[in-house]
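Trainee: To start, I am sharing the structure in question, which I have written as structure tokens.
4 protein chains.
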Amino acid sequence: MIISMKIHSSRADVDAVCDRIREFGYKIHAIEGEERVVIGAVGVGDVTACLESLEAMPQVEKAVRISAPYKFVSKEFKKEKTIISLKTKLGSTDIGGDEFVVMAGPCSVESEKQIMESAEAVAAAGGRVLRGGAFKPRTSPYDFQGLEGEGLKLLAKAREATGLAIVTEVMADKDVGLVAEYADILQIGARNMQNFALLKSLGSCGRPIMLKRGLSSTIKELLMSAEYIVAHGNPNIMLCERGIRTFETETRNTCDIVAVPVLNELTHLPVIVDPSHATGKRKLVPALARAAVAIGADGLIVEAHPCPEKAWSDGAQSLTFEQWNTMMRDLKPYMELWKANRPAPALA
Amino acid sequence: MIISMKIHSSRADVDAVCDRIREFGYKIHAIEGEERVVIGAVGVGDVTACLESLEAMPQVEKAVRISAPYKFVSKEFKKEKTIISLKTKLGSTDIGGDEFVVMAGPCSVESEKQIMESAEAVAAAGGRVLRGGAFKPRTSPYDFQGLEGEGLKLLAKAREATGLAIVTEVMADKDVGLVAEYADILQIGARNMQNFALLKSLGSCGRPIMLKRGLSSTIKELLMSAEYIVAHGNPNIMLCERGIRTFETETRNTCDIVAVPVLNELTHLPVIVDPSHATGKRKLVPALARAAVAIGADGLIVEAHPCPEKAWSDGAQSLTFEQWNTMMRDLKPYMELWKANRPAPALA
Amino acid sequence: MIISMKIHSSRADVDAVCDRIREFGYKIHAIEGEERVVIGAVGVGDVTACLESLEAMPQVEKAVRISAPYKFVSKEFKKEKTIISLKTKLGSTDIGGDEFVVMAGPCSVESEKQIMESAEAVAAAGGRVLRGGAFKPRTSPYDFQGLEGEGLKLLAKAREATGLAIVTEVMADKDVGLVAEYADILQIGARNMQNFALLKSLGSCGRPIMLKRGLSSTIKELLMSAEYIVAHGNPNIMLCERGIRTFETETRNTCDIVAVPVLNELTHLPVIVDPSHATGKRKLVPALARAAVAIGADGLIVEAHPCPEKAWSDGAQSLTFEQWNTMMRDLKPYMELWKANRPAPALA
Amino acid sequence: MIISMKIHSSRADVDAVCDRIREFGYKIHAIEGEERVVIGAVGVGDVTACLESLEAMPQVEKAVRISAPYKFVSKEFKKEKTIISLKTKLGSTDIGGDEFVVMAGPCSVESEKQIMESAEAVAAAGGRVLRGGAFKPRTSPYDFQGLEGEGLKLLAKAREATGLAIVTEVMADKDVGLVAEYADILQIGARNMQNFALLKSLGSCGRPIMLKRGLSSTIKELLMSAEYIVAHGNPNIMLCERGIRTFETETRNTCDIVAVPVLNELTHLPVIVDPSHATGKRKLVPALARAAVAIGADGLIVEAHPCPEKAWSDGAQSLTFEQWNTMMRDLKPYMELWKANRPAPALA
């Protein structure tokens, strides 16, 4: 159930509405907006009586039921795309706004030289966000687990040098504070998409979140996980399609590219595509990147490395800088078409 | 193993090479080419001795081993894209050539009025091939099974009226001759992709084949099924990605869009995308169509119907003519980019 | 809709009921039973009026709607398990009856010696049906495609020698008559589960059918394919769970063992488990065979070969005769428990 | 690489070997055993030289390479099944030993009355471990999240009253200490199988772990996650097959029952089957439970509830106590067969 207050309602008006909602036994989960206050409430049972009672209040503009199990992230709650603004010394980058945003960088932060070279290459070709893992989720306990705090400091140095924003993964709730000190966007990996303890801890981290879809998670489950984060206080989320697990073995995962227009219809959250993890093979990345722009994603996150064959992780799917440059040049006309079609929705 | 003869080899030269191959115990499967004869041979065991012996023959240009289990359909056998030319009274349409080809029409042929209206709408917006099922594979024996022979005649009438080529499904080897009389392209449905008896019967039908990927078939299996058709005599095949079966339920199937660049790398056969079956929802079709153009497919096959809500089958995924027209108009700039990038391969 | 006539209804009574059904626009699909005639009818739309009209007829005992999309194969149509009786010179083997039935033999018929040795080993350890492929569905056109007619003759010889019944695959509608001359059970392979032309041709073949579940077919689709065969006249069908396709690679397929109790609840048709194809590894076969008995299957079909490492196909999943003997001995106490629990339904 | 010391090696002998290993650049991960010390070491590169050097040392009995990516959990490391002993006031329960162990109880701890009644019913029918969730992973943030600390106290009370051991889930590394205070076994849920931060924190918790397989995790990944826990110090792990995600919708998940014999061959860790989550439907649970005993699992974990239709979670898959009693009675002869076949391995 969402309740839109009339413009310029007073604090007392809002409190009165909240009191009424609580009398009906519902729980209040968020109060948003600047000009206009919007109240979200959830609970069980028939909301008809409550809606009627609320609509009878003079300061209530509209009170409606949201049928989707995900409330705050649904289009029913908010029609306009959520814009996530990143402030860097180069200015502002808006994800979900009028520019298609490309994020790139190595899988893991390996050394100062490696990350600085990467940042420069990313910035030079028009990337706006630098990716790089300091905490690495690895299938084997004997594989490289990331430079951790040291890696975060190197990312900060690269941001200082290039003006790129930083996206990096956080794997444990105990590390959320630390990573939030350094990163502009906190990434939640596919294997943690339903790590509910971690999701809850993101509510108050003060940073936007990139939530990656789990390997066998449905689109609805992805939205429910995003709802966890919003319900705990953080509405700044972008979703990431990075391939799901199927029987096909030619590619590392199977990119569910249609998840992009499906999400564009169900949610106001921006949607990013990761063609590197989706394919697992660098030569397939540029083609999928073109498709992601064409189908209406809001951005890309791509792996690129100064020397992929020596990368400590994910070398096979990392672009060389030359491939990265070529890809960015070739994407330009597609990005222009993308821009020309904004804000025409992805579903036509 | 493939053996390229020198240019202008004589029939006797070719026969001598074939005899040598048979002496080594291999089987000869095809002799192609106009200026230059290319011989394909398959068999078990180490081919090194045979290759050396053949290369020592004066009229042999080159003899090489093909490592892929699919031989004639592999890029190792032939590098240039296979072009399938359809002759209609409007001229020639090349699939795999310099134009992106769109095929469209209703799921089933239902009546003369329905198929004629559809054909006109398809042609008016730039479609080149009319689709329409006369034999329908239906999960239930109690569902509409197609107009069969009557449907084929209506398709021929629509071709006569509009100059569109015709693609329609054949489900049984006993019907191959009949369907080949009427259709320009014989479609093999996803559920018959490994109906080997049917595949073999296509070898001598004299028509190009559109082979749809099975619901849980790997890319390699798709190529092996195409190899069946070539090995039995018919090299004119286009492959069709139409979605695979996964756990996701928001869409009817999951489009494995990356199969397009994977196939472009492994085979010289043209690749078509079917966004209607891949999604099962008409509003998702235009977005996926854009992605298919951008990623480097050779064409699309799309369902459109004069009145989708009254369609006898697949109504939910059929475009209205208005949506069809809009989609074709919106695809134009993507098709221009596609054309500008030819013959740059899809994988950059 | 099914209509049970009163006991000892006359032919005229039945005709009157059929006429009434046709007046309402429904199609009559089967008339079964000895003492009591049961009429099945299908069609679209609300059947309430028709049911009421039929129940008002004096010779009608009961007229009920069947809600499942599969009609004749559903438990709603018939509660008691269908028993498929095979007559051999050793007497009768009932599938779906009071004995757990084991079928075994090589993947392909390779030679007289191989199939005769196999038949003897199968019979000696208590197998009742000999399996062996004469027509082989192979992914590659260059792989061994079966001895065809010659293979069928060898199977007949093995039956003559041992008294075992024969199950063998038919792949093309044109071969149904030929295979039905030799085989006691016609097997439809997983890749042909939705080859509707083939399914229709089985209606009048006069032999029981073993219908294998497709690699990515749902349980409901399996039942719909069985319904095709019944709707075309052949009610003697056993279903076979042989593993579905998933992301797991340790086994060739993933055995959906729970399909057995699900099917036992939805249909009256017997259910067979194929642990050889389900696992792809011979050492896993005995364990899965035990589970299949315990969960309430009606039988097993297992691959065994005189010399698996030299088998022309499926060697890795074929048991040696020693393993076959050990497995049969170890299954005995499980089969006794199985028998003691009959006719207690599998779902307790 | 594992190094077995000769019996009665001294501390100094062991230290000398460890020093030698470190000189070769490998990392030492575990030292086990009472009579005989066994040293595990991991690292990259060719271990041949190191193995030779170690075998030349007088106190080294044997030094061998382990080829599997999972080391300490592999059969190569240890052939005999790991036995996990739970001490309760009723005595000791061994998981992986000579008794098939059944764990049961409600999905969530809801109230003192509910959990006490459940514990009594579980114990009365021969269950040895009580399950019940205090921390609940729920797809929706608005669903019941568990009684948390209060739930743990109620579980402890039920243990006190009945002598059952307790298994309950832990979802966050910050809660590991708290849960370990109350539980005899810490359960890691399917969605956390690759929550590597959580896995690491289990190394020093001092309790056995039940690690559930992820919804789309391979058997190898399950073993790698177990390896994380051992590598961080805790070798007492049982694995749980609880169904994987496929396209089939008749059941909540698809039970990969063959994972049991596969695991029995690859690892020495005990394997438990959860037929409740695997099926999602209570009426399918007893049949799958029989199959799990027959195929050679070491135990079951089953949901049962005083009043399933009023359960706060998972009601549809929870047995009534009557069904629970019937199932346990019906499983008895299967458990006797199971016992008679011990220690014959599951794979025959």
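As they're listed, the protein sequences go chains D, S, F and W. For what it's worth, our numbering labels the leading residue of the first sequence as 1, then goes sequentially. For what it's worth, our numbering labels the leading residue of the second sequence as 1001, then goes sequentially. For what it's worth, our numbering labels the leading residue of the third sequence as 2001, then goes sequentially. For what it's worth, our numbering labels the leading residue of the fourth sequence as 3001, then goes sequentially. C-beta: ideal position from N, C-alpha, C; glycine also.
Output the distance between the C-alpha atoms of residue 3176/W and residue 3237/W, rounded to the nearest integer angstrom.
Mentor: Near 15 Å, if we compare the C-alpha coordinates of residue 3237/W and residue 3176/W.
Trainee: For residue 3246/W, would you say it is in contact with chain S, using Cβ-to-Cβ distances shorter than 8 Å as the test?
Mentor: Closer than 8 Å: yes.
Trainee: DSSP state of residue 1269/S, grouped into three classes?
Mentor: Coil at residue 1269/S, not helix or strand.
Trainee: Using DSSP bridges, identify the partner residues of residue 2109/F.
Mentor: None; residue 2109/F has no bridge partner.
Trainee: Might you give, ordered along the chain, the residues of its own chain that have their beta carbon closer than 7 Å to the beta carbon of residue 74/D, omitting 5 neighbours on each side?
Mentor: Cβ within range, chain order: 66, 68, 266 and 267.
Trainee: Taking only beta-carbon positions, decide if residue 3216/W is within less than 8 Å of chain D.
Mentor: It does; some Cβ of chain D falls within 8 Å.
Trainee: Take residue 3296/W and list the residues in its own chain whose beta-carbon comes closer than 7 Å to its own, dropping the five residues that flank it on each side.
Mentor: 3260, 3261, 3264 and 3346.
Trainee: Under 8 Å between the Cβ atoms of residue 2331/F and residue 2282/F?
Mentor: No, they are not a contact pair.
Trainee: Cβ of residue 1272/S within 8 Å of Cβ of residue 1315/S?
Mentor: Not a contact, by the Cβ cut-off of 8 Å.
Trainee: Have a look at residue 1348/S and residue 1228/S and give me their C-alpha separation to the nearest angstrom.
Mentor: Unreliable placement is indicated for residue 1348/S, whose pLDDT of 40 sits below 50; the coordinate value is still reported in the next sentence. Their Cα atoms are separated by approximately 30 Å.
Trainee: From residue 3027/W to residue 3038/W, what does the alpha carbon distance come to, in whole angstroms?
Mentor: The straight-line gap from Cα to Cα measures roughly 14 Å.
Trainee: Assign residue 7/D to buried or exposed, taking buried as 16 or more other Cβ atoms, counted over all protein chains shown, within 10 Å of its Cβ.
Mentor: Classification for residue 7/D: exposed.
Trainee: Put residue 2333/F into one of helix, strand or coil per three-state DSSP.
Mentor: Here residue 2333/F sits in helix by DSSP.
Trainee: Give every residue of the same chain whose Cβ lies closer than 6 Å to the Cβ of residue 83/D, excluding the five residues on either side of it in the sequence, and list them in chain order.
Mentor: These residues qualify, in order along the chain: 94, 96 and 97.
Trainee: Are at least three pairs of beta-carbons, each pair with one atom in the stretch 1121-1139 of chain S and one in the stretch 1150-1169 of chain S, less than 8 Å apart?
Mentor: Flag = yes, the stretch 1121-1139 of chain S and the stretch 1150-1169 of chain S touch.
Trainee: Helix, strand or coil for residue 1174/S? Go by DSSP, reduced to three states.
Mentor: Residue 1174/S: helix per DSSP, three-state reduction.
Trainee: Given a limit of 9 Å on CB to CB distance, which residues of the stretch 2035-2051 of chain F reach chain S?
Mentor: If the cut-off is 9 Å between Cβ atoms, the stretch 2035-2051 of chain F has 2042, 2043 and 2044 near chain S.
Trainee: Can you give me the Cβ contacts of residue 1340/S inside the same chain, cut-off strictly under 8 Å, excluding the 5 residues immediately before and after it?
Mentor: Around residue 1340/S: no qualifying Cβ.
Trainee: In angstroms, rounded to a whole number, what distance separates the CA positions of residue 2270/F and residue 2081/F?
Mentor: Cα to Cα, residue 2270/F sits roughly 7 Å from residue 2081/F.
Trainee: Per the DSSP calculation, residue 101/D is bridged to which residue(s)?
Mentor: Residue 101/D pairs with 299/D.
Trainee: Taking a Cβ distance cut-off of 8 Å, strictly less, list which residues of the stretch 1297-1311 of chain S are near chain F, in chain order.
Mentor: Cβ contacts with chain F: none found.
Trainee: Can you tell me whether DSSP reads residue 1008/S as helix, strand or coil?
Mentor: Coil at residue 1008/S, not helix or strand.
Trainee: Apart from the five residues just before and just after residue 3197/W, which ones in its own chain have a Cβ nearer than 6 Å to its Cβ?
Mentor: Only 3173 meet the Cβ criterion.
Trainee: What residue does the alpha helix (DSSP H) around residue 39/D start on, and which one ends it?
Mentor: Segment 38-42 is the beta strand (DSSP E) holding residue 39/D; no alpha helix (DSSP H) there.
Trainee: What do you get for residue 1022/S, buried or exposed, if any count of 16 or more other CB atoms within 10 angstroms of its CB means buried?
Mentor: The residue is exposed, with fewer than 16 neighbouring Cβ atoms inside 10 Å.
Trainee: Taking 8 Å as the cut-off, decide whether the C-beta atoms of residue 208/D and residue 188/D are in contact.
Mentor: No, they are not a contact pair.
Trainee: Could you check whether the Cβ of residue 3240/W sits closer than 8 Å to any Cβ belonging to chain F?
Mentor: Not an interface residue.
Trainee: Assuming the contact rule is C-beta atoms closer than 8 Å, residue 2301/F and residue 2240/F should be a hit. Round their C-beta distance to whole Å, please.
Mentor: Going by Cβ atoms, the distance from residue 2301/F to residue 2240/F rounds to 7 Å, so yes, they are a contact pair.
Trainee: Along chain B, in chain order, which residues have C-beta atoms closer than 7 Å to that of residue 3187/W?
Mentor: Among the chains of the structure shown, chain B does not appear; the protein chains present are D, S, F and W.
Trainee: Where does the unbroken beta strand (DSSP E) through residue 93/D begin, and where does it stop?
Mentor: That run of the beta strand (DSSP E) goes 91-95.
Trainee: Starting from residue 159/D and walking both ways along the alpha helix (DSSP H), at which residues does that stretch end?
Mentor: From DSSP, the alpha helix (DSSP H) with residue 159/D extends over 149-162.
Trainee: Taking the beta carbon of residue 90/D as the centre, do at least 16 other beta carbons fall within 10 Å, making it buried, or is it exposed?
Mentor: Under this definition residue 90/D is an exposed residue.
Trainee: List the residues of chain F whose Cβ lies closer than 9 Å to the Cβ of residue 3334/W, in chain order.
Mentor: The answer, in chain order, is 2294, 2334 and 2337.
Trainee: What residue range is occupied by the uninterrupted beta strand (DSSP E) comprising residue 2061/F?
Mentor: Its beta strand (DSSP E) spans residues 2060-2064.
Trainee: Applying a beta-carbon distance threshold of less than 8 Å, which residues of chain W neighbour residue 2288/F?
Mentor: The answer, in chain order, is 3257, 3258, 3261 and 3295.
Trainee: Quick one: what's got a C-beta closer than 6 Å to residue 2233/F's C-beta in the same chain, skipping five residues either side?
Mentor: 2203 and 2204, listed in sequence order.
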